[in-house]
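First comes the structure, then the notes that go with it.
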Amino acid sequence: MSLELKQKERCGIINPMYNCQPAGAQFASIGIKDCIPLVHGGQGCSMFVRLLFAQHFKENFEIASSSVHEEAAVFGAVKRIEEGVMTLAQRYPDLRVIPIITTCSTETIGDDIEGTIRKVNKMLEAEFPGRELHLVAVHTPSYNGSHVSGYNVAVQSLTKTLAKKGEPTGKINFFTGWLNPGDVKQIKHILSEMGVEGNILLDTETFDAPTMPGKDAFAYGSTTVEDFENSANAKGSISLCKYQGASAANFLQTQFQVPSVVTNTPIGIKNTDLFLEEISKMSGQPIPDSLVEERGRAIDAMADLAHMFFANKKVAIFGDPDLVIGLAQFCQEVELEPTLLLLGDDNSAYAKDERLAELEKNATAPMEVIWNADLWELERRVKEGQQIDLIMGHSKGRYVATDNKIPMVRVGFPTFDRAGLWKYPVIGYKGAEWLAETIANTLFVDMEYKKNKEWILNVW
Amino acid sequence: MPLKLLKCDVTIPEREKHVYIKEPGEDTTQYLPISNAATIPGTLSERGCSYCGAKLVIGGVLKDTIQMIHGPVGCAYDTWHTKRYPSDNDNFQLKYVWSTNLKEKHIVFGGEKQLKQSIIEAFQEMPDIKRMFIYTTCATALIGDDPKAVAKAVEKELGDVDIFVVECPGFAGVSQSKGHHVLNMGWINEKVGTLEPTITSPYTINFIGDYNIQGDSQVLEKYFHKMGIQIIAHFTGNASYDDLRGMHRAQLNVVNCARSAGYIANELKKRYGIPRLDIDSWGFEYCQDALRKVGAFFGLEDKAEEVIAEEVAKYKEQMEWYRAGLKGKKVCIWTGGPRLWHWTKALEDDLGMTVVAMSSKFGHQEDFEKVIARGNEGTIYIDDANELEFFEVLEMVKPDLVLTGPRVGDLVKKLHLPYINGHAYHNGPYMGFEGSVNMARDMYNAIYSPLMKLAAIDVREKAALEVGV
Amino acid sequence: MSDKVEQLTKFIQEKCLWQFLSRTWDREEAISGVIKMIETLQTGGQPVIETPIDKCHYADAKVLLTDINKAFSWFGELKADQLGEVLHGAEARLKQITITGSLNGELNHQLY
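Going line by line, the protein sequences match chains D, B and F. Residue numbering for the first sequence follows this note's numbering, beginning at 1 and increasing consecutively. Residue numbering for the second sequence follows this note's numbering, beginning at 461 and increasing consecutively. Residue numbering for the third sequence follows this note's numbering, beginning at 930 and increasing consecutively.
Shown next as structure tokens:
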């Protein structure tokens, strides 16, 4: 079957599916413990991203702004960084990392971030002798790439700045990419079953913060400065998302000879198999029975659903590239037909992604992959009558689904119009099982509301 | 006590000028917090940018208008799906946002071609829509694009479209407040008076400064229609672009949010002689006063009394029931600015609550004059409060409830404090009589929820007690 | 009398938004306008309504007057000269608080 890869033809965007680079850098930063990023730009660049995180997680994250104003256009805004860092250092004594995240305004003005960091480091040394506070330059002009590359740039900058040769740790670095905390938890689960020690970059499991009797628990990321330092001393690195985090792993390979493997994002059975094999190869640990059983359970659940409910259903998928491609691969495993994939930025490297060639090979219906896409590409096709039986994507596409009465499975980021989705994995065998059953339950409700052979469910 | 330096602010002593605790006998000639001043970088303030003040707060409410944001994609992405203002045309304004998707090559060579092409495409893709707002952003302001010239060229080329340009990049001004101002002044200068409204009643008003949050405008409209009053334009709740071009024909401007829209009311007075009547459209008692004033203006006192009698009869009992539960409860109002002065006495007079601390993100000194005049002694008034100040104030005042945004709300939940969304509401509308009941109900439910009490229990201690350890 | 002036001033400070309009000239006009209307209405005179702005002051005054009478039983018992003294006393206090003594840095901007 054919796979047509093309760019959106319009030059403007109607309903964006991707955010800009600084948003990605902010997401990476909140995964770090004792870290408050300083977003160097207008206040909206951080305020709205904080809001977006709060919408998705129903949690508050600490992100500071350098509050750049008009005079910066003439005089530059590096003073605002100096003030911002010193204020943070003074008022947050536990703070250990401040990523300084640039935006379109401060990149256009051309602020010298590295020079400013050198200067501020001296100021910090004078005011807080001996205090360890890492300032990390993260260049993420909003007019390049998207939140996808912004995340990638941030993880790479953090790694470059913090990684330090030391004693081998025997651990494996896992560059998660922009996955949900539920996925991170799944990675840890797999590692624990295999008896492998992982260095998770970035560990967001603790975003699921409890309300405690002692009133002392807040949402935070748990990757430490030491974890970044020790990334140079790992046995190897496995990146779960080619476009988010892999650059950092490749840097460690070049700089510190830490072998780097970029796996398919482990969504679906086959991709998870590959993932486990890579871990097994790198760690020397065998794949345990418990995971074989998990795999079996997932296949068991998927088999209950595939030909009866999923076969030949046309699926449109939008979101982050590794997620979209992984979900498409998963769809093919359960007989769903991913016919429309939307990738939201202008990364021309998508054309060379081997996973797309494989999707084409396995496709049972013609596929279209649009890059630099917006959500209007989806809406227009729906309005023009293209058959789409299921939409998978984040909440910004909700009206395409609800207005056109197409069942939709919320997945990725942000999923603010459904409760708690981010706590569940889409990766691993458990993720495959969850996806299959969530898709099924979504289709079931749709059958009932549309009275579309809903009586099948009477005796299922 | 005069202005107060909080403990968390010892290293940024200039914050002292922004924090005030009112003492007996004091008035605003003695102490008035500094406000609408630049935020100290790195303080974790709650402020947004001026672009969002224009787009998200005012322009983006219009129900029939393309919102073209000339800049990198984030400015569009981030101001979409972030507000709860429905409309009576199936929420067109909630569903779409447009971006020129500015890239590095445009930064180098200019973005005007990209803008023009994006505008034409947008009109082509939605041929029924003929109106557009264009916003500049930090990037496009810095490279010096001239969106007004582009808009003019497109208007000429397409013939049947009307475009309004807001030049308010995010770094302009110190908060969203600047964006309100730029949009207000631009609109009065360029669009008011360019279309004659159809007059259907001898009594006409503009309702200025309400944004139909969860249907607020539609509640108020119901009252005015019952009184036989035509609303030429809501600025801008549930409004059409063309409604706002006819604002010059109203006999009276009824102003609710004086902060975001007082400017256009002032200019309408200066240029067209239309008087400005400030009211509070939140609050059970306030709302009665508001309708009476508008009634008195038009000689429609009887009509106003009829509406009031009908509404009060419908909702009074519920208000009293909630008052019994809410009396004496301590509340913080941490919102944008005007809700501080709209709500503080309303919560006291209507429900017997005590407002113990208030913080404004973008209010000016005018707002602090109002809120300090209306507010309690002992209450803490803060301009542009930041995270650590919030924590410290909570320790000082120990409220039962916080009216604030979801982010701060998520934070106070960890401290076992319920919050009600003071910006977008939990289950509004909150304006008018039914709105007052809705707000009272939400606050009551939050305060009396069993969950926060359960949160405070340490099950280990409880289990220990039960087994007699 | 000064006690009554203070009571009335505090009442208006808490209740009325017109004293806090954006600029000095707006505040002057509103405070003088509304107080004058109150005096006329309370003494049974015929209010002079020549402009839409007068009408607005009338509307504000009318509602406020009802509230004042409800709040202060003494208000209705004032003789004409006492009424004038209280009202003009309050007017002067309001202007002092919101105009001459105001710390609001934006009051005298030439533009809105």
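Cβ coordinates follow ideal geometry from the N, Cα and C atoms, glycine included. Keep in mind that this is a model prediction, so the values were computed, not measured.
Under 8 Å from the C-beta of residue i: neighbouring residues of chain B
i       : result
W376/D  : E585
A1000/F : Those do not exist, as A1000/F stays about 12 Å from chain B at its closest Cβ, beyond 8 Å.
N152/D  : Ordered by position in chain B, no residue passes the 8 Å Cβ test against N152/D, which lies about 16 Å from the chain.
F218/D  : L871, K874
L38/D   : P501, G502
E943/F  : K805, A833, R834
Within chain B, partners of residue i - CB distance below 7 Å
i       : result
K215/D  : K874, L875, H876
R50/D   : R867
N1033/F : L492, Q825, E826, E829
V992/F  : D749, R752, K753, A756
Test: residue i CB closer than 7 Å to a CB of chain F
i      : result
Q678/B : no
E745/B : no
L737/B : yes
D809/B : no
L643/B : no
A756/B : yes
For residue i, the residue or residues it bridges with in DSSP
i       : result
G319/D  : L343/D
G736/B  : Looking at the sequence itself, residue 736/B is Arg, so the reference to Gly does not match. In DSSP, R736/B forms a bridge with N713/B.
T930/B  : Given a span of 461 to 929 for chain B in the structure shown, any question on residue 930/B remains unanswerable.
T489/B  : T489/B pairs with nothing; no bridge assigned.
L463/B  : Y480/B
E337/D  : K314/D
W371/D  : Q7/D
R1022/F : Paired residues: none, contrary to the question.
Beta carbon of residue i nearer than 7 Å to that of residue j
i       : j      : result
V1015/F : H986/F : no
L158/D  : E229/D : no
A28/D   : A154/D : yes
D676/B  : E745/B : no
P657/B  : I692/B : yes
V533/B  : P16/D  : yes
V196/D  : Q285/D : yes
L712/B  : L737/B : yes
L291/D  : E193/D : yes
G236/D  : G177/D : no
F330/D  : G268/D : yes
Amino acids of chain B, ordered along the chain, whose beta-carbon sits closer than 9 Å to that of residue i
i      : result
N347/D : Those do not exist, as N347/D stays about 12 Å from chain B at its closest Cβ, beyond 9 Å.
CB contact check: residue i to chain D, cutoff 7 Å
i      : result
G508/B : yes
T600/B : no
F552/B : no
V815/B : no
G563/B : Looking at the sequence shown, residue 563/B is not Gly but Lys. It does; some Cβ of chain D falls within 7 Å.
A632/B : yes
L854/B : no
W794/B : no
S820/B : no
T560/B : yes
CB contact below 7 Å: residue i versus chain B
i      : result
T402/D : no
P981/F : yes
C104/D : yes
Q971/F : no
A988/F : yes
Listed by chain order, chain F residues near residue i by CB distance under 9 Å
i      : result
N726/B : L950, S951, R952, D955, Y1041
Listed by chain order, chain D residues near residue i by CB distance under 8 Å
i      : result
C628/B : Chain D residues near C628/B: none, gap ~11 Å exceeds 8 Å.
Contacts of residue i in chain F (Cβ-Cβ under 8 Å)
i      : result
T489/B : Q1025, I1026, G1030, S1031, L1032
7 Å Cβ cut-off: residues of chain F touching residue i
i      : result
I665/B : None at all; the shortest Cβ gap to chain F is about 11 Å.
Identify each residue in the region 76-100 of chain D for which the Cβ-Cβ distance to at least one residue of chain B is less than 7 Å, and report them in chain order.
Answer set for the region 76-100 of chain D: R80, E83, G84, V85, T87, L88, Q90, R91.
Output needed in chain order: residues of the region 55-69 of chain D with a Cβ under 9 Å from some Cβ in chain B.
Per Cβ criterion, the list reads Q55, F57, K58, E59, N60, F61, E62, I63, A64, S65, S66, S67, V68, H69.
The region 902-921 of chain B: positions lying closer than 7 Å to chain D by Cβ
Only A915, A916, I917, D918 from the region 902-921 of chain B bring a Cβ to less than 7 Å from some Cβ of chain D.
Which residues, taken in chain order from the region 530-555 of chain B, show a beta carbon closer than 9 Å to some beta carbon of chain D?
When C-beta distances to chain D are compared with 9 Å, the residues of the region 530-555 of chain B below that value are G531, P532, V533, G534, C535, A536, Y537, D538, T539, W540, H541, T542, D550, N551, L554, K555, in chain order.
The region 387-412 of chain D: which residues have C-beta closer than 8 Å to a C-beta of chain B, in chain order?
Listed by position along the chain: S395, K396, Y399, D403.
Any residues in the region 709-725 of chain B with a beta carbon nearer than 8 Å to a beta carbon of chain F? Which ones, in chain order?
Listed in sequence order: Q711, L712, A718, G722, Y723.
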